[in-house]
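Residue numbers (our numbering): -4 to 328. Even for Gly, the Cβ is constructed at its ideal location relative to N, Cα and C. Values in this document were obtained by computation on a predicted structure and should not be read as measured data. Read the structure below first, then the notes.
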């Protein structure tokens, strides 16, 4: 029996399905969750979406974001985790809540090729495609699952989000064909893009803050590595409005000679999170993240750790990035 057939069997047996995304929601995780919610609802299943943190403002153009809950529902008999297989990214689900999740069949649908650390899943469906939404599209096609308009829209959002508008190195002709099929099914790309662009409008306060962040960018390794640090006070002030690293990561990648950019957030309790983005020709983001217990894609990844002080982590990132860049250069010789 194929993994898709095993998933179909679990869904058919279920009455109430809980869809979980990681503690760092993005366009792929939210788009995938909403698409699955629509599919399961069309299959007459009671469906809940859960995320332990609030959905960020820049994702609230997606229809359905307000249906994502911060608390687990009273009852569910199947859990589907989307867009992560890392237990560190579900850290906020603790104690009795985690035991409730583990007590039911758990399915992971993910496209990240880093080592899975969630060890309680009944079924893991993982393929090296550009986004979890693309994987869900293939699963739904194979199983003849219904895709209403909202599901199609969200799958397109998911694919476009993680493929950087179909321009990432992980984008394939299959990714493009999936978008084409969904557009043939009624997705209005200009409308979705217009909604997305509306969320990019920023207040004057946020624009000025971006200017401050740009002045704090540090570069190392002959400008090939750019690092930005976000202290807790700024996380607390600005995160409800916008995720600070996302204001400037693209600008960091445009620095002349840049290969990889890193934004480190310092939390009040001492833990650190790191967003990593690398440029074309430097597929090392996932390797850098994995070295510190994180994961992700070749060109976009992340770390969440309490094992290092900020200064030690920063020094270690510089040292390991130097090693990875040396490996890339040796391959090119």
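Option in the options with minimal Cα separation from residue i
i: residue 159; options: 126, 176, 225; result: 126
i: residue 227; options: 250, 305, 59; result: 305
i: residue 292; options: 0, 61, 124; result: 124
i: residue 221; options: 86, 310, 192, 42; result: 310
i: residue 63; options: 83, 50, 23, 147; result: 50
i: residue 69; options: 92, 81, 239; result: 92
i: residue 271; options: 255, 263, 265, 261; result: 255
i: residue 275; options: 42, 245, 262, 261; result: 245
i: residue 10; options: 19, -1, 38; result: 38
i: residue 52; options: 297, 180, 190, 115; result: 190
i: residue 207; options: 180, 176, 239; result: 239
i: residue 132; options: 210, 177, 211, 85; result: 177
i: residue 287; options: 8, 72, 307, 253; result: 307
i: residue 36; options: 198, 55, 167, 7; result: 7
i: residue 109; options: 211, 295, 19; result: 295
i: residue 154; options: 302, 21, 204, 112; result: 21
i: residue 111; options: 95, 83, 136; result: 83
i: residue 284; options: 107, 48, 213, 193; result: 107
i: residue 136; options: 164, 115, 172; result: 172
i: residue 0; options: 140, 320, 224, 197; result: 140
i: residue 40; options: 17, 26, 71, 47; result: 71
i: residue 202; options: 214, 43, 236; result: 236
i: residue 163; options: 26, 215, 321, 278; result: 278
Through-space distance from residue j to residue i, alpha-carbon basis
i: residue 57; j: residue 149; result: 8 Å
i: residue 247; j: residue 79; result: 26 Å
i: residue 323; j: residue 169; result: 27 Å
i: residue 103; j: residue 186; result: 31 Å
i: residue 264; j: residue 142; result: 43 Å
i: residue 312; j: residue 258; result: 11 Å
i: residue 231; j: residue 242; result: 15 Å
i: residue 97; j: residue 87; result: 15 Å
i: residue 174; j: residue 188; result: 14 Å
i: residue 89; j: residue 119; result: 21 Å
i: residue 229; j: residue 298; result: 19 Å
i: residue 28; j: residue 138; result: 18 Å
i: residue 314; j: residue 15; result: 35 Å
i: residue 145; j: residue 316; result: 41 Å
i: residue 77; j: residue 24; result: 6 Å
i: residue 12; j: residue 289; result: 28 Å
i: residue 113; j: residue 147; result: 29 Å
i: residue 129; j: residue 161; result: 12 Å
i: residue 30; j: residue 325; result: 43 Å
i: residue 100; j: residue 73; result: 5 Å
i: residue 233; j: residue 193; result: 19 Å
i: residue 212; j: residue 157; result: 25 Å
i: residue 18; j: residue 251; result: 33 Å
i: residue 167; j: residue 48; result: 32 Å
i: residue 273; j: residue 218; result: 13 Å
Counted within 10 angstroms of its Cβ, other Cβ atoms place residue i as buried (16 or more) or exposed
i: residue 4; result: exposed
i: residue -3; result: exposed
i: residue 66; result: exposed
i: residue 200; result: exposed
i: residue 33; result: buried
i: residue 182; result: buried
i: residue 282; result: buried
i: residue 253; result: buried
i: residue 184; result: exposed
i: residue 81; result: buried
i: residue 59; result: buried
i: residue 210; result: exposed
i: residue 179; result: exposed
i: residue 318; result: exposed
Bridge partner(s) assigned by DSSP for residue i
i: residue 198; result: DSSP, once it has assigned bridges, lists no residue as partnering residue 198.
i: residue 6; result: Paired residues: none, contrary to the question.
i: residue 318; result: Residue 318 pairs with nothing; no bridge assigned.
i: residue 76; result: 15, 103
i: residue 298; result: 269
i: residue 84; result: The partner list for residue 84 (beta bridge, DSSP) is empty, contrary to what the question assumes.
i: residue 215; result: 220
i: residue 290; result: 297
Contact test: residue i Cβ vs the ligand COA heavy atom, cutoff 6 Å
i: residue 191; result: Within the structure as shown, the ligand COA is missing, as the structure has no ligands at all.
Going residue by residue through the region 222 to 286, where are the continuous beta strand (DSSP E) segments of at least 3 residues, counting only ones entirely within it?
255 to 261, 267 to 273
Counting only runs of 3+ residues fully inside the region 93 to 179, write out the beta strand (DSSP E) ranges in chain order.
101 to 105, 118 to 121
Runs of alpha helix (DSSP H) lying entirely within the region 18 to 72, each at least 4 residues, in chain order
22 to 37
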